[in-house]
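First comes the structure, then the notes that go with it.
Protein chains: 2
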Amino acid sequence: MTSLDRSLIAGLSLFEGIAAADLDRMIGQARSVRIAKDQPVFEQEQEAHSFFLLLDGHVRVVKSTPDGHEVTVRYISPGELMGIAHALGRTTYPASAIAVVDCVVLAWPGQLWPTFATTFPSFSANTYKAVGSRLQDAHARIIEMSTEQVEQRVAHALLKLIKQSGKKTEEGILIDFPISRQDVAEMTGTTLHTVSRLLSAWEDQGFVKSGRQRVVVVEPHRLLVIAEGRVAKG
Amino acid sequence: MTSLDRSLIAGLSLFEGIAAADLDRMIGQARSVRIAKDQPVFEQEQEAHSFFLLLDGHVRVVKSTPDGHEVTVRYISPGELMGIAHALGRTTYPASAIAVVDCVVLAWPGQLWPTFATTFPSFSANTYKAVGSRLQDAHARIIEMSTEQVEQRVAHALLKLIKQSGKKTEEGILIDFPISRQDVAEMTGTTLHTVSRLLSAWEDQGFVKSGRQRVVVVEPHRLLVIAEGRVAKG
DNA sequence: GAGGGAATTTGCCTCAGCGCAAACAGCCGA
DNA sequence: TCGGCTGTTTGCGCTGAGGCAAATTCCCTC
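In the order they appear, the protein sequences are chains X and P.
Our numbering applies: residue 16 is where the first sequence begins, and numbers increase by one.
Our numbering applies: residue 16 is where the second sequence begins, and numbers increase by one.
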């Protein structure tokens, strides 16, 4: 926990409305932890001992099904909470969180949640607001899965990713962490083959560039057209 | 609000841990409203003026997409909260709620939420626990949509419905409100044609009976086998 | 810089499930 | 009782996208 981290945290919308002294009290009770790439922050079904704030890096939240499928629930960027099972009355984590690059997280013991909730009401309100967005996102995803075809869903997924973790480069907007065709497939409920075919086609048309675990969107506008189904399929 | 309703409410897990006097104070601030069949309790995009407790009847929560698709998010049974946008920091309803039969709801003005949350902490905790379940359900649904085929999804949907609103009859377990093929299709991301074909096939095999807006599950076990994909397709 | 493993590309085949269309049945109101 | 409306069934053809398999390319390590 550097002072840089400290001021970074203070700027998060999550801590809006919280006095500086309170914020320090909260941070004082957390433990800063490094998670190496591909290591779990927490795992599905395990007892929820802590909740976390991602300070640096990117984390993928996945659920595994009994029959061996993996579904990516969402990606987490710096500044977001994760593993907040306690806030929702659960005692185990419903999914696993895997670091996709080396990460730094702040960890609070789960038992602290009730105290935090009553002591820092804005924190609790902000957290539940974030939960509201997640629920909203989940529903949006259900709707996508119900009504859109694969091409649209993949386009939506890429747009979501560049919005959340896009980094401008001279080529276009780069998704700022390693992501494979398989990863995109797990976000959209399709197969890596289909994703590969789509990216190839888009690359031919020149509005996406991609390589090994790497995607750059050159013209987001064209993706948007596909995502919204405003395209006569050519 | 009859005294019967009053004792019914007191029994809900939602009000667990709340003193009788507090419960009366809460109820005292609500308005009891009747909603006729097919009428909305609240509508998507509209400003969230109230949150509701369903006392009697069944409500369908739907989201409409710009391109005219409708997706059923979930069905609500008596005893469940709905329209709790305020608890999640939203100012508009993210979906519409339509009465599928004549209903009775208890409505609280939205502004009351913050007061309730601080005055009756168990109520707030219970509510967020319910939100946690919904999030869980939403994720389960995403996983279903990503990894299962239509037959499994429809089987899952029927199982969910009989679990939530099943009523034992001499024929089997009846879904206790009018539900069409189209409705099931909107729950599972398929078409009424496909649902119709499936139900016909299942009826031939004798473990489901159905008619106009009516479904009875004769052997839930057989449905479960299909839902879990433990079936060699025949 | 050679070898090996992982990620990606691509071709070919297959089929679940959708779209379309037509026929049919049950229920309600006049 | 007689339409007429809404919900349901069913046939047929088509296709998006998955499964399988092989080839290729990239990157990392030794």
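For glycine and all other residues, C-beta sits at the position ideal for the given N, C-alpha and C.
Continuous beta strand (DSSP E) stretch holding I91 of chain X: start and end: E85 to I91
Using a threshold of 8 Å, state whether the C-beta atoms of F57 of chain X and L121 of chain X are closer than that. no
For I241 of chain X, which of X:V199, X:T205, X:L173 and X:L189 has the nearest alpha-carbon? X:L173
Cβ of I241 of chain X within 8 Å of any chain P Cβ: no
Round the Cβ separation of R149 of chain X and E159 of chain X to the nearest angstrom and send it over; I've been treating them as touching at under 8 Å. That belief does not hold up - the Cβ atoms of R149 of chain X and E159 of chain X are roughly 15 Å apart, past 8 Å.
Use the C-beta contact count for P109 of chain P: other C-beta atoms within 10 angstroms, 16 or more gives buried, fewer gives exposed. buried
Can the beta-carbon of L70 of chain P be found closer than 8 Å to that of I91 of chain P? no
Taking CB distances under 8 Å as the criterion, tell me whether S211 of chain X reaches chain P. no
Which of helix, strand or coil does DSSP assign to R46 of chain X? strand
What are the start and end residues of the beta strand (DSSP E) that includes L121 of chain P? C118 to P124
Which residues, taken in chain order from the stretch 149-170 of chain P, show a beta carbon closer than 7 Å to some beta carbon of chain X? R149, L150, Q151, A153, H154, R156, I157, I158, M160, S161 and T162
is_contact[R105 of chain X, chain P] using C-beta, thresh 8 Å: yes
Reducing DSSP to helix, strand and coil, say where K52 of chain X ends up. coil
Assuming W128 of chain P and A102 of chain P form a contact by the criterion Cβ under 8 Å, report the distance between their Cβ atoms to the nearest whole angstrom. 6 Å
If you run the structure through DSSP and keep just helix, strand and coil, what is G221 of chain X? coil
Cutoff 8 Å: D82 of chain P Cβ touching any chain X Cβ: yes
Taking the continuous beta strand (DSSP E) assigned at D71 of chain P, which residues delimit it? S65 to D71
Provide the residue(s) that pair with F57 of chain X in DSSP beta bridges, ordered along the chain. X:A112
Need the endpoints of the alpha helix (DSSP H) that I188 of chain X sits in, please. I188 of chain X -> not in any alpha helix (DSSP H); beta strand (DSSP E) instead, spanning I188 to I190.
Assuming contact is defined by CB atoms lying nearer than 8 Å, are G104 of chain P and H64 of chain P in contact in what I supplied? no
Given a limit of 7 Å on CB to CB distance, which residues of the stretch 69-80 of chain P reach chain X? K78 and T80
So which residues on chain X does A102 of chain P lean against when the C-beta distance must stay under 7 Å? Y143
Assign T142 of chain X to one of three DSSP states: helix, strand, or coil. helix
Classification of S215 of chain X by the beta-carbon crowding that lies within 10 angstroms, buried from 16 upward: exposed
Per-residue contacts from A45 of chain X into chain P (C-beta, under 7 Å): Correct list: empty, because the minimum Cβ distance to chain P is about 22 Å.
Among the residues of its own chain, which have a CB less than 6 Å from the CB of I99 of chain P, if the five just before and after it don't count? F66
Could you tell me whether the stretch 134-146 of chain P touches the stretch 199-214 of chain P, using the rule of 3 or more Cβ pairs below 8 Å? no
Buried or exposed for D53 of chain X, going by 16 or more other Cβ atoms inside 10 Å? exposed
Would you please verify whether the beta carbon of A140 of chain P is less than 8 Å from any beta carbon of chain X? yes
Inspect the beta-carbon positions of V115 of chain P and H154 of chain X and report whether they are closer than 8 Å. no
Contact defined as beta carbons within less than 8 Å: I believe L207 of chain X pairs with Q197 of chain X. What is the distance between those atoms, to the nearest angstrom? 4 Å
Under the rule that 16 or more other beta-carbon atoms within 10 Å means buried, what is G249 of chain P, buried or exposed? With a pLDDT of 43 at G249 of chain P, under the threshold of 50, the modelled position of that residue is not reliable, and the figure given next carries that caveat. Flag for G249 of chain P reads exposed.
Extent of the continuous beta strand (DSSP E) to which R229 of chain P belongs: R229 to V232
Note down, in chain order, each residue of its chain lying with its Cβ closer than 6 Å to the Cβ of S79 of chain P, except the 5 sequence neighbours on either side. E85
Could you tell me whether any Cβ in chain P is nearer than 8 Å to the Cβ of V86 of chain X? yes
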